[in-house]
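Below is one structure, written out as structure tokens; the observations come after it.
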Amino acid sequence: MLIKWIVCCVPLTTRAEFAQAQCQWTPLSKLDGFLGQIGGWNSREPEQACILACWRDQAAYNAFMQNMHDAISDASAQHKTYDAIQVMLAEMVFPMTGKTAGLVAALPQGGVLRVADCIVSAERQAHFENVQRAVWTPAMAAADGMLGGAFSRVRAATPRYLVTSIWRDVAAHERYATIQAPILRQQADVEQDVQELRGYVVSLIPEWAVIPAQR
Numbered sequence: 426m427l428i429k430w431i432v433c434c435v436p437l438t439t440r441a442e443f444a445q446a447q448c449q450w451t452p453l454s455k456l457d458g459f460l461g462q463i464g465g466w467n468s469r470e471p472e473q474a475c476i477l478a479c480w481r482d483q484a485a486y487n488a489f490m491q492n493m494h495d496a497i498s499d500a501s502a503q504h505k506t507y508d509a510i511q512v513m514l515a516e517m518v519f520p521m522t523g524k525t526a527g528l529v530a531a532l533p534q535g536g537v538l539r540v541a542d543c544i545v546s547a548e549r550q551a552h553f554e555n556v557q558r559a560v561w562t563p564a565m566a567a568a569d570g571m572l573g574g575a576f577s578r579v580r581a582a583t584p585r586y587l588v589t590s591i592w593r594d595v596a597a598h599e600r601y602a603t604i605q606a607p608i609l610r611q612q613a614d615v616e617q618d619v620q621e622l623r624g625y626v627v628s629l630i631p632e633w634a635v636i637p638a639q640r
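Just so you know, we're using the numbering used here here: the sequence shown kicks off at 426 and counts up by one.
Dropping the structure here:
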């Protein structure tokens, strides 16, 4: 599965226009290989709009980019509503189960999206992946309110990963982040593995969600 992670810097003056344009991506729902898209505003940096999209594979994503992307973007003029954009593509390494079987199943159900963008030391890459499987993933699967997620590697020259999880609501994620996450960080020895960590807690907007028509 291919994951697309988009972060836009949106001025307050065009926030409403951006949100309106984001609602115009509904034609995605009919595309072969499209698995779902969600988004909202980063609660830690409110000027950031964050979008997460899932595709079956590279071929399906390429077909979208070649045949539909520009038409939707141009029609909505969304590119005029933000100052900067960052786009990353990542390939799922393994799913993270919760109340559902993983990220795609959780897309229609969540209230909060948590994304950890991790740049990892090359010599610690194997350890980082191992503790994600052995420490983080089982603990998150057992956390109340964690619906599902994915552990993915970003296509980049240096080792970089996205850890994405969808939560029932803000309270469920805050409870996990306050009580469980500090203990898990010590067990996983995060500081030794991760050179840079960017965290996003996104309050999801239902009107921005695009779910495949057949679901």
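Don't be surprised by glycine CBs; every beta carbon is placed ideally from N, CA and C. No experiment lies behind these values; they were computed from the predicted model shown.
Pull up the CB-CB distance for residue i and residue j, whole angstroms please, since I reckon it's below 8 Å.
i    : j    : result
V615 : R469 : Contact doesn't hold; Cβ gap of about 18 Å is too wide.
S501 : V635 : In fact, because the Cβ distance is near 13 Å, the residues do not count as touching under 8 Å.
Q473 : C434 : 6 Å
F589 : V512 : The sequence given here has Thr at residue 589, not Phe. Rounded, the Cβ-Cβ distance is 15 Å, inconsistent with contact.
The beta strand (DSSP E) that contains residue i, what's its start and end?
i    : result
A541 : 537 to 545
I636 : First-last for I636: undefined, no H or E at that position.
P520 : 509 to 522
Y625 : 619 to 629
Q483 : Where Q483 is concerned, there is no enclosing beta strand (DSSP E), although the alpha helix (DSSP H) it sits in stretches over 483 to 492.
A602 : Per DSSP, A602 belongs to no beta strand (DSSP E) and is neither H nor E.
A474 : 473 to 480
Quick one, are the C-beta atoms of residue i and residue j less than 8 Å apart?
i    : j    : result
C475 : M426 : no
W561 : A597 : no
L514 : L477 : no
W592 : G464 : no
G458 : A441 : no
R481 : V518 : no
G573 : A530 : yes
P452 : I497 : yes
R549 : Q617 : yes
L587 : W450 : no
L456 : M493 : yes
M521 : F443 : no
Let's see if you can read the secondary structure: which residues bound the alpha helix (DSSP H) around residue i?
i    : result
V560 : Here V560 belongs to no alpha helix (DSSP H), and DSSP marks it neither H nor E.
Y586 : Note, Y586: premise wrong, no alpha helix (DSSP H); beta strand (DSSP E) at 585 to 592.
R440 : 440 to 447
Report the rounded CA-to-CA distance for residue i versus residue j, giving the unit in angstroms.
i    : j    : result
E516 : T525 : 20 Å
I428 : Q620 : 22 Å
R640 : S628 : Reliability of the predicted coordinates at R640 is poor, the pLDDT of 49 falling under 50, and the value obtained from them is presented with this limitation in mind. Distance between the alpha carbons of R640 and S628 is about 23 Å.
R535 : L460 : For clarity, residue 535 is Gly in the given sequence; the question names Arg instead. Near 15 Å, if we compare the C-alpha coordinates of L460 and G535.
Q445 : I630 : 12 Å
G624 : M490 : 27 Å
G527 : I544 : 23 Å
E554 : Q447 : 34 Å
L622 : V595 : 21 Å
D542 : R585 : 7 Å
A582 : H552 : 19 Å
A606 : Q483 : 33 Å
Let me check you understand the geometry: is the CB of residue i closer than 7 Å to at least one non-hydrogen atom of the ligand HEM?
i    : result
G464 : For the ligand HEM, the structure offers nothing, since it holds no ligand at all.
Could you tell me whether the segment 491 to 508 touches the segment 558 to 574, where touching means 3 or more Cβ pairs closer than 8 Å? no
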